[in-house]
Structures are given as C-alpha cells and as structure tokens.
Amino acid sequence: MGGFYQTLFASQNPRRIRAMVMIDANLPCFFTEEQLTKMKASDNFRHTIDVVKQNPLPLKIPVVDIVSEQTLFEGTPDAQRWKDCHNDFVASYVNRTSLIAYQTGHYVFFSNPQLVINAIVTLYANKVKPSAKAAIFKRGYKQEQMATNEDRRNLMKYWHSEDDLNEWGYAMLKRQEILEAIEVFKLNVLLHPNSANVYDSLGDAYVKAGQKDLAITNYQKALEINPKKENSKKMLKLLSN
5 MGGFYQTLFA SQNPRRIRAM VMIDANLPCF FTEEQLTKMK ASDNFRHTID
55 VVKQNPLPLK IPVVDIVSEQ TLFEGTPDAQ RWKDCHNDFV ASYVNRTSLI
105 AYQTGHYVFF SNPQLVINAI VTLYANKVKP SAKAAIFKRG YKQEQMATNE
155 DRRNLMKYWH SEDDLNEWGY AMLKRQEILE AIEVFKLNVL LHPNSANVYD
205 SLGDAYVKAG QKDLAITNYQ KALEINPKKE NSKKMLKLLS N
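Numbering follows our numbering, in which position 213 of the sequence shown is assigned residue number 217; successive positions increment by one, without gaps.
Structure follows, in structure tokens:
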C-alpha cells in the first residue's frame, strides 16, 4: 500500500515534494477490474483504487521507480502485467526513471540497500546547488557502506529463524496483507529450501491470493520433502476437486 500513500500525499501536497523514490510500489494501473475480481478485493480496497486513480501523481515530480526482478506473481501472467504497468508509468513522463533491482524480491531495501540509498542520494543531490553535490555524494557513499554492513549483520542474526518468519507471514495473512505475506514466505523458502513447512505455508498464501497453480506447485514440493505433510495432502485434494 506504500505506493498508494505516496501518490495520495504527493497529489495533495505537490509543493512539498521535490522528488520521489518508489520501491516496488503498487500502482493503480495493475488493478484492473479483472484483477480485483480475481483477488476477491474488498469494497474498501476497491474504493482505495478509485481514490488513487482520481488523484494521480503530479507529472512535475521527478520519480525513480525501483522494481524488484522477482515479482510477487512469478510464474503467472500477472508477473508481466506488473512489469508492464511499471514500464507504462515511467514512460508516461520524461522525468521518471526505472531501476530494476536484480535478484531481489519485494523488500528491495533489505536485499539491496545500496540501490535504494543511491537513488535517494542522487535525486536529492540533483535538487541542490552544484557546489553541494560533491559533499552529498561523498556522505551518501559512506552511509551506503554503513547500511550495507548493518543489513548483513541483521541478516546473519536472523538467518535461522524459520519459525519467526512463518509466524510473521501468517500474521500478515490474518490482516489480509496477502501480497506481503507471500514475500515473507518466499524469503523463508529461500533461506530454508529443505523445509517442507515453508513450502506448505507459501502454498497457503497463494490459496489466499487466488493463485491456484502456484499453490499446487508449493504443496507438491512440500510433499516431495515430507510425504506425511497432512495439510499439503488435504489442500491438494481440495484444489483438485
């Protein structure tokens, strides 16, 4: 939802915004009627989409649109639609730039903090006097190094926490933050590829998202690792009917 908040704030306060960095943001162009129906979107979410469409981002605001290479919809036609939507957004005005965050998922700022820092520093530097640019870039580079080191330390600290990630993902599902939950479960799969439980959980999230084929794929993977995984058996039987 962050992209929606950014857009609404900028549309209502155009004089206060000099530039924007959007990080794998939701854009209204992705949420067609077909997509909303497939998602079983609530009336409140539909209203949110309508409000954002009625209050577009002011064209005069420079934007760097960072898009993750691994979308929330990998393996489905929606993945290309997501990318096309972002491409159209950037192509609609000359002061918009696209950056692909390679080998990252939705949380680009965790996977590639350097890219995000550089985008922010560059946009900010382009809005100040030329005499200040060099100092800003130098300071930004130092901050980038610090952020990278801190990110690595935190990643190693929580590398083992399969249960924590699983609990976090299911908490998101309960709050109907389905796309975010999918990203958390995908991260758990990446960190713990030999665990049947992480694939089973990702399957549950894809069921919530209405992505039946991806749900089946992950339940099957869970059973490859642990043929006794009861939830995966039950869900495969249910999805096959």
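All C-beta atoms in this analysis are idealised placements derived from N, C-alpha and C, irrespective of residue type, glycine included. A quick note: this is a predicted structure, and the numbers were derived from the prediction, not measured.
If you reduce the DSSP assignment to three classes, tell me which class Ile-70 lands in.
strand
Does DSSP put Leu-191 in a helix, in a strand, or in coil?
helix
Using a Cβ-Cβ cut-off of 7 Å (strictly less than) and excluding sequence neighbours within five positions of Gly-109, which residues of its own chain qualify?
Ser-72, Gln-74, Ser-115, Glu-187, Lys-190, Leu-191
Given that a residue counts as buried once 16 or more other Cβ atoms are within 10 Å of its Cβ, and exposed if not, what is His-90?
buried
Which value, in whole angstroms, describes the spacing of the CA atoms of Arg-50 and Gln-224?
33 Å
DSSP bridge partner residues for Val-25 (one or two, in chain order):
Val-68
Got a sec? Which residues, its chain only, sit under 6 Å from Tyr-145 by beta carbon, not counting five neighbours each side?
Its pLDDT being 49, under 50, Tyr-145 is placed unreliably by the model, and the measurement read from it follows with that caveat. Counting only Cβ-Cβ distances below 6 Å, and skipping sequence neighbours, we find nothing.
Beta-carbon proximity check, Asn-201 vs Glu-166, cutoff 9 Å:
yes
To the nearest angstrom, how far is it from the Cα of Ser-102 to the Cα of Tyr-111?
17 Å
Closest to Ile-121 by CA distance: which of Ser-96, Ile-70, Gly-6, Pro-81 is it?
Ile-70
Beta-carbon contacts of Thr-52 that lie in its chain and below 7 Å, excluding the five residues immediately before and after
Phe-8
Determine whether the Cβ of Ile-124 lies closer than 9 Å to any Cβ atom of chain E.
The chain inventory of the structure shown lacks chain E, comprising one protein chain alone.
Who are the near neighbours of His-196 in its chain, counting only those whose CB is closer than 8 Å to its CB and skipping five residues on each side?
Glu-166, Val-202
Residues that DSSP places opposite Ile-104 in a beta bridge
Val-71
According to DSSP, simplified to helix, strand and coil, what is Val-94?
helix
Selected residue, minimal CA-CA separation from Leu-245, among Arg-85, Asn-17, Ile-220, Asp-54
It should be pointed out that residue 245 corresponds to Asn in this sequence rather than to Leu. Residue Ile-220 is the option with its Cα nearest to Asn-245.
Helix, strand or coil: which one does DSSP assign to Gln-149?
With a pLDDT of only 47 at Gln-149, under 50, the local geometry of the prediction cannot be trusted, and no value is derived from it.
On the DSSP letters alone, give me the boundaries of the alpha helix (DSSP H) that Arg-50 sits inside.
47-58
Which first and last residues belong to the alpha helix (DSSP H) in which Leu-76 is found?
From DSSP, Leu-76 is part of no alpha helix (DSSP H); its letter is neither H nor E.
Quick one: Cα of Ser-125 to Cα of Asn-17, how far?
Correcting the residue identity first, residue 125 is Val in this sequence and not Ser. Spanning the two alpha carbons is a distance of roughly 22 Å.
Can you give me the start and stop residues for the alpha helix (DSSP H) that Tyr-111 sits inside?
Here Tyr-111 belongs to no alpha helix (DSSP H), and DSSP marks it neither H nor E.
Beta-carbon contacts of Leu-61 that lie in its chain and below 6 Å, excluding the five residues immediately before and after
Thr-11, Ala-14
Kindly indicate which residue of Ala-29, Val-25, Pro-66 has the alpha-carbon position closest to the one of Trp-86.
Ala-29
Please name the residue, chosen from Lys-57, Thr-41, Tyr-97, that lies closest to Val-67 on a Cα-to-Cα basis.
Tyr-97
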